[in-house]
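Beneath this line is the structure, given in structure tokens, with notes to follow.
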Ligand code: F6R
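In the UniProt record's numbering, the protein residues as written are 281 to 648.
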């Protein structure tokens, strides 16, 4: 039931505040400590883990790329993020001290299932972050952290992505708490700030019309470039994937710092470039992305920018700016991705495509 929305995808984009809130609910005990009863892996094993390896596909893989920034920062454990389809073929270094995190909306993705089987054969423990209780991945893992996004019907993933990021943050903070590092005193504070994210997502959704308007001017585009730096980089990758899937337009996400190492040769008059701008409160990141916008603008690009409310430094170089409420840097992907989802969804509709069932795609990929 689309509950009045024209497509399931629109409905699910708008369900993100609820999906994030539901994924956060009930994770703390009365003392404000994270209590993840479902993670039954003995604390000694979690404390002794010397590496985290995230395995996933597609959008879930990009959630893993986001998670790396948070888990490494909070836990000081090295985090690798690997495409599940590549993982077991490279003879990965996996031991009993490796904590594998498998991320999957459906819980039925064969590439991811094969990756966790391989990891467990090497003695690794697997935590699954899945949206589907009882799914194969949840049954074959040592522990399950459920995303409570509710069923996702549209083939292109939206609310599962933001719920997955939320779940990886809960896991990251839990590991920090168990391992007792300098962040263990700040866990409550990080959880409190995470709890503010759903309202911020809602604020972005309330301004969806400005995104829709720009999307409708893009029906003739044959290529769109996405740029991001730090946590904005995986957001750029995810934005590009949404455009490929829904609009059948060639799209590519780049780390903004890579621009000058090659991709800038692609820029000519009228090339659409969507830039995810870091918060000005991180000047070392912000300054560099701002100069990337200037570089592509000088070469005639159409620059569409996602930037924080009040960040006027981008105005002179942007055709349009989608505004994001301020939030801690690590939480920005939960906000930045929303206009990119809306953009792809609206453009696909304007091009006459089936938004919920793009061509050649299936909701769950049960073959390798
Ligand atoms: C993108 C998309 C796919 C899935 C991928 C993994 O919109 O839906 O890239 O993210 O096939 O699927 P799950 O999460 O079910 O393992």
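C-beta: ideal position from N, C-alpha, C; glycine also.
DSSP bridge partner residues for residue i (one or two, in chain order)
i           : result
residue 505 : 532, 553
residue 360 : 333
residue 586 : 556, 602
residue 521 : BP columns for residue 521 are empty, so no partner.
residue 378 : 331
residue 355 : BP columns for residue 355 are empty, so no partner.
residue 308 : 314
residue 423 : 407
The ligand F6R heavy atom lying under 6 angstroms from the CB of residue i
i           : result
residue 596 : no
residue 437 : yes
residue 384 : yes
residue 414 : no
residue 340 : yes
residue 645 : yes
residue 337 : yes
residue 448 : no
residue 427 : no
residue 442 : no
residue 389 : yes
Spatial distance of residue i from residue j (CA atoms)
i           : j           : result
residue 454 : residue 422 : 16 angstroms
residue 318 : residue 335 : 20 angstroms
residue 316 : residue 425 : 8 angstroms
residue 365 : residue 572 : 33 angstroms
residue 360 : residue 570 : 29 angstroms
residue 332 : residue 403 : 14 angstroms
residue 481 : residue 495 : 19 angstroms
residue 451 : residue 369 : 27 angstroms
residue 350 : residue 306 : 21 angstroms
residue 619 : residue 293 : 10 angstroms
residue 567 : residue 523 : 27 angstroms
residue 659 : residue 439 : In this structure the chain extends from 281 to 648, so residue 659 is not present and cannot be described.
residue 604 : residue 590 : 9 angstroms
residue 343 : residue 596 : 32 angstroms
residue 408 : residue 330 : 18 angstroms
residue 392 : residue 592 : 43 angstroms
Same chain, Cβ closer than 8 angstroms to residue i, neighbours up to 5 away in sequence not counted
i           : result
residue 629 : 286, 287, 635
residue 437 : 338, 339, 340, 385
Cβ-based neighbour list, residue i, same chain, cut-off 6 angstroms, excluding 5 preceding and 5 following
i           : result
residue 530 : 503
residue 551 : 581
residue 498 : 627
residue 410 : 384, 387, 417, 418
residue 516 : 506, 507, 508, 533, 556
residue 465 : none
residue 434 : 288, 289, 292, 636
residue 598 : 583, 585
residue 520 : 506, 531, 532, 533
residue 535 : 513
residue 441 : 339, 343
residue 303 : 427, 428, 443, 446, 447
Three-state secondary structure (DSSP) of residue i
i           : result
residue 570 : helix
residue 384 : strand
residue 618 : helix
residue 367 : helix
residue 274 : The structure shown has nothing for residue 274, since the chain only spans 281 to 648.
residue 288 : helix
residue 601 : strand
residue 282 : coil
residue 462 : coil
residue 325 : helix
residue 405 : strand
residue 476 : coil
residue 391 : helix
residue 563 : helix
residue 641 : coil
residue 437 : coil
residue 648 : coil
residue 490 : helix
residue 398 : helix
residue 413 : coil
residue 499 : coil
residue 634 : coil
residue 543 : helix
Minimum Cβ-Cβ distance from residue i to chain B less than 7 angstroms
i           : result
residue 366 : The structure shown has no chain B; it contains just one protein chain.
Residues near residue i in its chain [Cβ-Cβ closer than 7 angstroms; skip 5 each side]
i           : result
residue 594 : 557, 570, 573, 585, 587, 601
residue 356 : 461
residue 313 : 457
residue 463 : 354, 456
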